[in-house]
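In what follows, a single structure is set out as structure tokens and then discussed.
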Amino acid sequence: MVEDMTTPLLSDSEAPADALPVCLTSPTVAILGSGDFSRSLALRLVASGVRVVVGSRCVNRIPSGLFPDAVELRNQEGAVSQAVCLVFMALFPEHYCSLLGLQSALAGKVLVDVSNGAEMNIHGPSNAERLAELFPDSPVVKGFNTVSTWELQTGAHDGSRQVMICSNSTEGKKKVVQLARQMGFHPVDMGGLSAAREIEVAPLRLFPSWSGPVVVTFLLFLFFYGYGFLRGILLPFLAQGGHNAFYRLALDLVNESLPAVALVTLALVYFPGLFAAWLQLWRGTKYQRFPSWLDNWLQRRKQLGLLSFLCAALHGVYSLCLPLRRITLHRLVNTAYRQVKAGTEEPWDELGVWRSDLYLSCGVLGLGVLSLLAITSLPTVGNTLNWREFTFVQSGLGYIALTLSIMHTLFFGWDFTFHIEAYPFYMPPSYLLAVVVPCIVLVCRCFLFLPCIFTRLTRIRRGWESKRNCPVLQHHHVEANGIP
Ligand code: NAP
Numbered sequence: 018m019v020e021d022m023t024t025p026l027l028s029d030s031e032a033p034a035d036a037l038p039v040c041l042t043s044p045t046v047a048i049l050g051s052g053d054f055s056r057s058l059a060l061r062l063v064a065s066g067v068r069v070v071v072g073s074r075c076v077n078r079i080p081s082g083l084f085p086d087a088v089e090l091r092n093q094e095g096a097v098s099q100a101v102c103l104v105f106m107a108l109f110p111e112h113y114c115s116l117l118g119l120q121s122a123l124a125g126k127v128l129v130d131v132s133n134g135a136e137m138n139i140h141g142p143s144n145a146e147r148l149a150e151l152f153p154d155s156p157v158v159k160g161f162n163t164v165s166t167w168e169l170q171t172g173a174h175d176g177s178r179q180v181m182i183c184s185n186s187t188e189g190k191k192k193v194v195q196l197a198r199q200m201g202f203h204p205v206d207m208g209g210l211s212a213a214r215e216i217e218v219a220p221l222r223l224f225p226s227w228s229g230p231v232v233v234t235f236l237l238f239l240f241f242y243g244y245g246f247l248r249g250i251l252l253p254f255l256a257q258g259g260h261n262a263f264y265r266l267a268l269d270l271v272n273e274s275l276p277a278v279a280l281v282t283l284a285l286v287y288f289p290g291l292f293a294a295w296l297q298l299w300r301g302t303k304y305q306r307f308p309s310w311l312d313n314w315l316q317r318r319k320q321l322g323l324l325s326f327l328c329a330a331l332h333g334v335y336s337l338c339l340p341l342r343r344i345t346l347h348r349l350v351n352t353a354y355r356q357v358k359a360g361t362e363e364p365w366d367e368l369g370v371w372r373s374d375l376y377l378s379c380g381v382l383g384l385g386v387l388s389l390l391a392i393t394s395l396p397t398v399g400n401t402l403n404w405r406e407f408t409f410v411q412s413g414l415g416y417i418a419l420t421l422s423i424m425h426t427l428f429f430g431w432d433f434t435f436h437i438e439a440y441p442f443y444m445p446p447s448y449l450l451a452v453v454v455p456c457i458v459l460v461c462r463c464f465l466f467l468p469c470i471f472t473r474l475t476r477i478r479r480g481w482e483s484k485r486n487c488p489v490l491q492h493h494h495v496e497a498n499g500i501p
């Protein structure tokens, strides 16, 4: 692949007349710096039919074969003098000052700042703004920093295709946008150079939209795990004078907590939507902003759904492993031995058979539907669906998954829920705690289907406003009463 990229796809003579007319007639693009980014960028530019000259502080130090043959290696001054319009600054921003001697040679040329932020710079000028201060006679364009060397080398098809670009110079931005397109990228115009800070810290962000959902899921897991430990292991141990069930910590308790977390997290996916609907009904308008916590919650539904799917899938795998446990074998053999010794056999338990089949079936179906939701949340799949299809899958099938999961839990609980033994130390089983929020969600959803509520909500969502909250109607009312 890399070898293929060392030769230009388009030589100058073959280049279409309309693509970068200035840049293709001479060695237009210069790259200052001969490091990793410079090498990958040069490979990509050459493969895109662009002539490249690399400017290094010490050309002799560059090993032969590091750059494609089509790339010219010069000292920094030589490279800058050859560049007609664009100069990529492929060096760390701390070293920009070392180029001050080239100020006059760089004047009028577009400097492309590809640097990333060293830390989450929330205040203070960006690297690109500092570069613009150092070279006031050169338009500065921020871009390409979100593209890794790997993405540059493997081609736009394998990596991210988006290149965020910003600049105060329209002409400079236009040139970089053209070049990015020629290289097979999707340039995204982010506006003026003040957006550079945002672009620079973009590669430093660690799953910004995932932290909240991950913390919520983790806390839920801790709660159910701790609750199960207290109820099923620690308190019986203390009360029954040393009945040791600590072996349950590794698998049993994890497998007990995971479905509870999956169920509550799935309910949390649909809770904010319902809350928003009830808020709109109460306000009688959709034109008032939701509180920011609700906005944030609504934006994290996809992540919550995927985490719910992860917990449900893990629960499935854990459950499949249950027969492999040593304790299962131990119990099975001992029960069989006791029955043989006593001359009895396992009685046929019709109700028990129904119960286990029903809860297993609901669980498998619920996991299946949840998998479908997870798959359609992938942008590549989701983009192929129209709005109605997407709503059907994410909302319609989502509620089906939630209902199946609740049924799975209730069939599991069966009538044990009504036995006093299910409440040792007055503590209900975890599965009972886990169905509370999902049941509230289902009931609230059912209320929204009541014709009087459904009609009002539909009208509100199509722009109708109640007189109480509509500023336009209130204004007319005031005028009609002769009050200015
Ligand atoms: P690198 O491998 O360390 O290369 C930096 C180059 O800067 C050196 O090879 C050196 O080339 C040149 N340079 C010029 N003046 C210098 C000076 N005074 N002191 C030291 N070096 C000097 O770094 P890199 O990974 O290519 O990164 C370069 C820039 O690209 C950084 O701003 C980085 O944030 C950005 N970037 C990198 C990646 C990536 O994946 N690596 C991705 C996006 C953005 P000469 O010795 O030939 O002059």
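Per the numbering used here, residue 18 is the first one in the sequence shown, and the count goes up by one each step. Built from N, CA and C at the ideal position, the CB exists for glycine as well.
- Taking C-alpha positions only, residue 128 is separated from residue 58 by approximately 15 Å.
- In this structure, DSSP gives residue 105 an extended state, which the three-state scheme calls strand.
- For residue 379, the shortest separation between its Cβ and any heavy atom of the ligand NAP does not lie below 7 Å.
- Rounded to the nearest angstrom, the gap between the Cα atoms of residue 107 and residue 300 is 55 Å.
- Under the three-pair Cβ rule at 8 Å, the segment 374-389 does not count as touching the segment 241-252.
- Taking a contact as a CB-CB distance under 8 Å, the pair residue 101 and residue 122 does not count as one, their CB atoms being some 13 Å apart.
- Its chain contains 394 as the residues whose beta carbon lies nearer than 7 Å to that of residue 319, once the 5 sequence neighbours on both sides are disregarded; these appear in chain order.
- Residue state for residue 303 is assigned as coil, using DSSP reduced to three classes.
- Leaving aside the five residues that flank residue 204 on each side, the residues in its chain whose CB is nearer than 6 Å to its CB run, in chain order, 180, 182, 194 and 197.
- Residue 262 has its alpha-carbon roughly 19 Å from the corresponding atom of residue 443.
- The closest CA to that of residue 274, considering only 214, 245, 405 and 292, is found on 245.
- Boundaries of the alpha helix (DSSP H) harbouring residue 192: 187-199, taken from the DSSP string.
- Here DSSP, grouped into helix, strand and coil, assigns residue 425 to helix.
- By the neighbour-count definition (other C-beta atoms within 10 Å, threshold 16), residue 460 is an exposed residue.
- In this structure, residue 192 sits near residue 103, with a CB-CB distance shorter than 8 Å.
- The C-beta of residue 438 has fewer than 16 other C-beta atoms within 10 Å across all chains shown, which makes the residue exposed.
- Closest in alpha carbon position to residue 411, among 323, 226, 427 and 471, is 323.
- Bridge partners of residue 473 according to DSSP: none are assigned.
- Membership of residue 184 in the beta strand (DSSP E) is indicated by the continuous run 179-184.
- With contacts defined by Cβ atoms closer than 8 Å, residue 473 and residue 298 form a contacting pair.
- For residue 245, the uninterrupted alpha helix (DSSP H) segment begins and ends at 228-246.
- Excluding five sequence positions before and after residue 55, the CB atoms of its chain that fall closer than 7 Å to its own CB belong to 48, 71 and 107, given in chain order.
- Taking a C-beta distance under 8 Å as the contact criterion, residue 414 and residue 382 do not qualify as a contact pair.
- DSSP, read as helix, strand or coil, puts residue 73 in strand.
- Measuring C-alpha to C-alpha distances from residue 280 to each of 475, 341, 163 and 387 identifies 387 as the nearest.
- When secondary structure is reduced to three states using DSSP, residue 48 falls in the strand class.
- Secondary structure of residue 112 (DSSP, three-state): helix.
- The nearest non-hydrogen atom of the ligand NAP is 7 Å or more from the C-beta of residue 202.
- Between residue 468 and residue 349, the alpha-carbon positions lie close to 55 Å from each other.
- With respect to the 8 Å criterion, residue 447 and residue 241 are classified as neighbours on the basis of their beta carbons.
- Shown here, residue 126 sits in coil according to DSSP, grouped into three states, outside any helix or strand.
- Taking 7 Å as the cut-off, the C-beta of residue 108 counts as close to a heavy atom of the ligand NAP.
- Per DSSP, reduced to three states, the secondary structure at residue 396 is helical.
- According to the DSSP assignment, residue 351 belongs to no beta strand (DSSP E) but to the alpha helix (DSSP H) extending over 343-359.
- Going by beta carbons, residue 307 and residue 296 fall inside the 8 Å limit.
- Comparing alpha-carbon positions, the option among 68, 407, 482 and 82 lying closest to residue 304 turns out to be 482.
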